[in-house]
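To keep things clear, I will list the structure first and then write my remarks on it.
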Amino acid sequence: MVSRDPARPEGMDAPDRRQLLHWAGVGLAVLVGSRTVGAQDEDEPETEENGQEEENGQEEDEGDEEPATGEAITVDLVDYAYEPGTDSPLEIPPGTLVEFVWITDNHNIVVDDQPDEAGWDGYEPIEDTGFEYEFTFETEGQYDFHCTPHIGLGMVGTIVVDPEATVGDGDGALPEIVPEPAITLLVATIVALVAVMTLVYLFLKYGSDPQG
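Each residue of the sequence shown is one higher than the one before, counting from 1 in my numbering.
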């Protein structure tokens with residue numbers, strides 16, 4: 001007499017091993033395939049949008065020959081440093097407006113060295129908290145300067161004007177390390193694996209005939 005497995009619902013026949021494995025493979029293929037197609041579909045609008053933006057950009061370049069407006073960056077004068085500029089050189093593209101802001105008292109900007117074609121005079125009068133001075137750096141090269149009252153404390157600065165340099169985007173966004181389609185495919189693979197594991201579990205639990 002064959003005893004019935006109490007864990008198997010009454011009236012449920014043992015599923016065929018090959019059929020169960022067949023449907024497991026089909027389910028995996030369908031899940032991965034649908035997610036991959038979805039990821040590709042997400043890429044297509046972005047590609048088309050980028051193409052439209054490039055075309056619009058070319059049209060704007062052809063119709064607008066005015067030079068681009070320079071960007072701006074702030075350098076704080078504190079005790080006892082130019083931030084940025086002292087710990088490491090401040091690298092900016094030509095045409096950048098640098099705004100020097102006195103955060104603490106008793107500072108100035110004395111130019112030590114600059115490119116021959118440049119005409120930066122710095123700002124030698126000593127000023128206190130709240131004072132501001134700005135200058136647009138157009139000539140490529142390195143600019144070295146110091147604060148007279150605090151040069152002995154290491155308050156020196158360097159600005160490098162380089163056409164390859166960029167000013168921060170200012171939005172605080174992190175670069176995209178992993179493309180979104182790759183993440184979508186990874187999620188789809190995990191879901192498919194979970195589905196297969198579930199089918200394997202059901203097969204092991206209900207798919208073999210109990211011995212009695």
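Glycine included, C-beta positions come from ideal geometry on N, C-alpha and C. Source: prediction; values computed, not measured.
Residue from the options whose Cα sits closest to the Cα of residue i
i: Asp144; options: Pro94, Asp112, Glu71; result: Asp112
i: Thr158; options: Ala72, Ala182, Ser88; result: Ser88
i: Gly141; options: Pro163, Leu153, Leu186, Pro181; result: Pro163
i: Pro93; options: Thr139, Thr129, Glu117; result: Thr139
i: Thr148; options: Glu117, Trp102, Ile73, His107; result: His107
i: Tyr133; options: Gly152, Ile73, Glu180, His150; result: Ile73
Reduced DSSP secondary structure (H/G/I, E/B, other) of residue i
i: Tyr80; result: coil
i: Thr86; result: coil
i: Gly152; result: helix
i: Glu180; result: helix
i: Thr189; result: helix
i: Val194; result: helix
i: Val200; result: helix
Sequence-distant residues of the same chain with beta carbon closer than 6 Å to residue i, five excluded per side
i: Tyr82; result: Val75, Gly157
i: Tyr118; result: Checking the displayed sequence, the identity of residue 118 turns out to be Ala instead of Tyr. Cβ within range, chain order: Thr139.
Sequence-distant residues of its chain with Cβ nearer than 7 Å to residue i (five each side left out)
i: Gly70; result: Gly95, Thr96, Leu97, Thr136
i: Pro84; result: Val75, Leu90
i: Gly122; result: Ile109, Val110, Val111, Phe145
i: Phe131; result: Trp102
8 Å contact criterion, which residue i and residue j should meet: CB distance rounded
i: Thr129; j: Asp105; result: 5 Å
Other residues of its chain near residue i: CB distance less than 8 Å, five sequence neighbours each side excluded
i: Trp120; result: Val111, Gln114, Phe135, Phe137, Tyr143
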